[in-house]
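Protein chains: 2
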Amino acid sequence: MKSKITLKDIARELEVSISTVSKALKNSEEISRDTKEKVQAFARLYNYKPNNIAISLKNKRTKNIGVVIPDIVHHFFTTVIRGIEKYANAKGYNVIVCLSEESFDKEVINMEMLANGSIDGFIMSLSSETQAKKDYNHLKEVTEQGIPVVLFDRITNEIDCDKVIIDDKMGGYLATKTLIEQGKRKIALITTDDYLSVSKARGEGYRKALIDSNLEVDESRILKLPTMEMDEERIRSFFESIDFDAVLCVNEIFAVYSMRVALEKGLKIPEDVAVIGFTNGLLSKYANPSLTVVAQHGEKMGEISAQMLIDKVESEKEEETFQTKILEPTLVLRDSTIN
Amino acid sequence: MKSKITLKDIARELEVSISTVSKALKNSEEISRDTKEKVQAFARLYNYKPNNIAISLKNKRTKNIGVVIPDIVHHFFTTVIRGIEKYANAKGYNVIVCLSEESFDKEVINMEMLANGSIDGFIMSLSSETQAKKDYNHLKEVTEQGIPVVLFDRITNEIDCDKVIIDDKMGGYLATKTLIEQGKRKIALITTDDYLSVSKARGEGYRKALIDSNLEVDESRILKLPTMEMDEERIRSFFESIDFDAVLCVNEIFAVYSMRVALEKGLKIPEDVAVIGFTNGLLSKYANPSLTVVAQHGEKMGEISAQMLIDKVESEKEEETFQTKILEPTLVLRDSTIN
DNA sequence: GTGTTTAACGAAAACGGTTTCGTGTTAATA
DNA sequence: TATTAACACGAAACCGTTTTCGTTAAACAC
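Going line by line, the protein sequences match chains A and B. Every letter in the first sequence is one number past the one before it in the working numbering, and letter 117, counting from 1, is 754. Every letter in the second sequence is one number past the one before it in the working numbering, and letter 161, counting from 1, is 798.
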């Protein structure tokens, strides 16, 4: 087991000082051609690599970014991570992923673990519990320490920082409008309680589309589940209780399950019931029939988040100007709506 | 912006030495009750938290573990990450996720980035390119440096380290046997080239099950795609070319897509064609019809991997004994096979 | 009054780098 | 020949901790 070689080792072996070795490896003009070659050859031979931790301690830069998200099994979040990874890696940064599992406490603990020097900045999406409690002190503490934060998707206006979201209201509007244009008049909505910022916005878009088309909003056609968690029972009984010819769901799972229930009731998709979901994941693509969705462009969102964060991290000036980037959702038409 | 407070700051403010502060905060017996209280109160007031980087440098322990996987959008890998996170977090470790995107070069680069002090050990699953090239020098280098490695799912016997896999051969066997017991005789297999360790093993199980039941292995009923990537064209034309009454697929996407093609051909599932896939993901659960799968217990796998790694990291003794843990796959019966 | 123990604290090294600021030697210049 | 500039290198500080090993002064034994 050949342990890692350090500057000190090289210095001892070559009978020069540590500073000389350090400079030689950096090709400093201070060092003679001879010495540089000697040192560099030796370093190459023994595969010297500087210790990241030591460098981090010196420059107070870790080249790590912390990503705190509620969940990793949801397709949307995985695509965001992929986007973050892509950009961050290209810039020489590593990504530390922490899962809050929708829990406020875990979110706080994770952030505290990372905020003590482990990372240069945070990219995060709030847990549902945090959005419900509206307690953002952990975020405030971090930003007050000067650690840059980028919030994406599930954000709050209580915190001054960069933000990246998609226009969820527009997404809801777009989807609902499409259903209306296809002749649907009794459009149901399966969503979650309003504390989830995205659900709220999507619901607003849904309502606006109906109103713009002179359709009334029938509250009985709206099902609000407590969380994004699947609840087959409630969805099933919801469909028993209403009259509908289309369904808009705030995620793809609700949507695909709605299709199943509809099919079981002998309804035809999209003729009898058209369905649109949110999130352009594997599920939508490979469901039978395939599902029309509002695409959230997670990967793009991740890339932009990473870019904004790294820009802040690497900018010297301490400007306190924050921007919110709003991405446009797009509708991906598939077989669950009429072509 | 109140910047982080350090031991030095406390020492200066309280007019004691840095060592005294450090000891006081650790409740050392060396320090008087008075001083300890004073220091601790001050530290609490200013919310002192030790700098992780400095501690890492000192103990040569980062409390970070590096996870290098080919892909994060595949459900299986996300569940593994979740399992790793769960165990690692409970033990006070952070998880640095790197994606190789099935590329050998990226795998190497990622490992090199992390191997210079950023992490205490690796948990990884090989990229397909790595398995194809059979070049494991990057792994050898890391293990020779004494950095513990745990390989899961996509492993190699070339490297001496802990490993966690499921019994893929048994999985293939189990699935095929089930189809046979349901009266199927013309069972197709959609898999990838043999260099992918898991595909190879699953294929072996498939063959063994056929042979054990005195059925011949018809090579024309086996489709080997180059990678786990979806190739709709080839699957579609494969089904045109063969006579079959069941399909076994090495992932859920191939399986769900097979179902779609079958349905489009007017075949009934499971009566005319039964389908089984690998990976118990969202897709299988919510597909129409729902898909019978061989569950790989990714979360469990992640937990075990993390446990094995952390055990090695924290064990003082430098034993060179490695174990391979083999998890048993289980069949999750759904509507794509006969109940 | 001398020697020894003990309590309470500080100095300094160490982790592995980077960087500033000397310093000694040689060669060019006055 | 004396002065100076350029060159090549080393010493030491620094990043923020931990930890070992003094050191000082008071308390105690004799």
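All C-beta atoms, glycine included, are put in the ideal place defined by N, C-alpha and C.
Going by DSSP, M896 (chain A) is part of the alpha helix (DSSP H) stretching over E889 to E901.
By the 16-neighbour rule on beta-carbons within 10 angstroms, R839 (chain A) is buried.
Residues of the segment 883-909 of chain A that bring their beta carbon within less than 8 Å of a beta carbon in chain B comprise I890, V893, Y894, M896, R897 and L900, in sequence order. B:E795 is the residue among B:E936, B:E795 and B:L885 whose C-alpha sits nearest the C-alpha of Y773 (chain B).
Distance from the Cα of R971 (chain B) is smallest, within the candidate group B:D805, B:S921 and B:G754, for B:S921. Excluding the 5 residues flanking it on each side, L860 (chain B) has same chain C-beta neighbours closer than 8 Å at A825, L826, I827, T828, R871, I872 and F875, in chain order. By the Cβ rule, the segment 876-896 of chain B counts as touching the segment 810-824 of chain B, because three or more pairs are nearer than 8 Å. Beyond the five residues adjoining it in sequence on each side, V787 (chain A) comes within less than 6 Å, by CB distance, of I760, D799, S942, M945 and L946 in the same chain, given in chain order. Secondary structure in the segment 734-821 of chain B: the beta strand (DSSP E) runs of 3 residues or longer, each lying completely within the stretch, are 758-761, 786-789 and 799-803 in chain order. Assigned with DSSP and collapsed to three states, N917 (chain A) falls in coil, not helix or strand. Straight across, the Cα-Cα distance linking E953 (chain A) with E778 (chain A) is about 21 Å. Proximity of chain A to T815 (chain B) at the Cβ level (cut-off 8 Å) is not reached, the minimal Cβ distance being about 22 Å. Proximity of E781 (chain B) to chain A, defined by a Cβ-Cβ separation below 8 Å, is satisfied.
With 16 or more other Cβ atoms inside 10 Å of its own Cβ, G842 (chain B) counts as buried. The beta carbon of K837 (chain A) sits closer than 7 Å to those of D831, all from its chain and outside the five residues before and after it, given in chain order. Contact between the segment 711-728 of chain B and the segment 665-684 of chain B is absent: fewer than 3 CB-CB pairs across the two stretches fall below 8 Å. Nearest Cα to E936 (chain A) within the set A:I718, A:V898 and A:M865: A:I718. Each of B:S640, B:G914 and B:S834 was checked against the Cα of F891 (chain B), and the nearest Cα belongs to B:G914. Excluding sequence positions up to five before and after K743 (chain B), its CB lies within less than 6 Å of the CB of S737, all in the same chain and listed in chain order. Identification of residues in the segment 720-748 of chain A having a C-beta nearer than 9 Å to some C-beta of chain B yields E722, K723, N726, G729, N731, V732, I733, V734, C735, L736, E738, K743, I746 and N747, given in sequence order.
When B:K728, B:I803, B:T780 and B:K845 are compared, the shortest CA-CA separation from T815 (chain B) is found for B:K845. Bounds of the alpha helix (DSSP H) holding V717 (chain A) are H712 to A727. With at least 16 other beta carbons inside 10 angstroms of its own, A932 (chain A) counts as buried. Spatial neighbours of D909 (chain A) in its own chain (CB-CB distance under 8 Å, excluding positions within 5 residues in sequence) are listed in chain order as D882 and A899. Within the same chain, and ignoring the five residues on either side of N731 (chain A) in sequence, the residues whose Cβ sits closer than 6 Å to its Cβ are N701. In the DSSP assignment, I947 (chain B) falls outside any beta strand (DSSP E) and within the unbroken alpha helix (DSSP H) covering G935 to E951. For G808 (chain B), the closest C-alpha among the options B:H934, B:V705, B:G703 and B:F789 is that of B:H934. Your pair V912 (chain B) and M938 (chain B) does not check out as a contact, with CB atoms roughly 24 Å apart and the cut at 8 Å. M865 (chain A) has a beta carbon lying at 8 Å or more from every beta carbon in chain B. Straight-line measurement puts the Cα of A769 (chain B) at about 38 Å from the Cα of I690 (chain B).
Rounded to whole angstroms, the gap between the alpha carbons of N747 (chain A) and I906 (chain B) is 46 Å. Assigned with DSSP and collapsed to three states, N664 (chain A) falls in coil, not helix or strand. Taking C-beta atoms as the reference points, Q782 (chain B) and S640 (chain A) count as a pair closer than 8 Å. Against chain A, a Cβ distance below 7 Å from M750 (chain B) picks out N731. The contact set of V717 (chain A) on chain B, defined by CB atoms closer than 8 Å, is empty, because the minimum CB distance reaches about 10 Å. Rounded to the nearest whole angstrom, the CA to CA distance from T958 (chain B) to D948 (chain B) is 12 Å.
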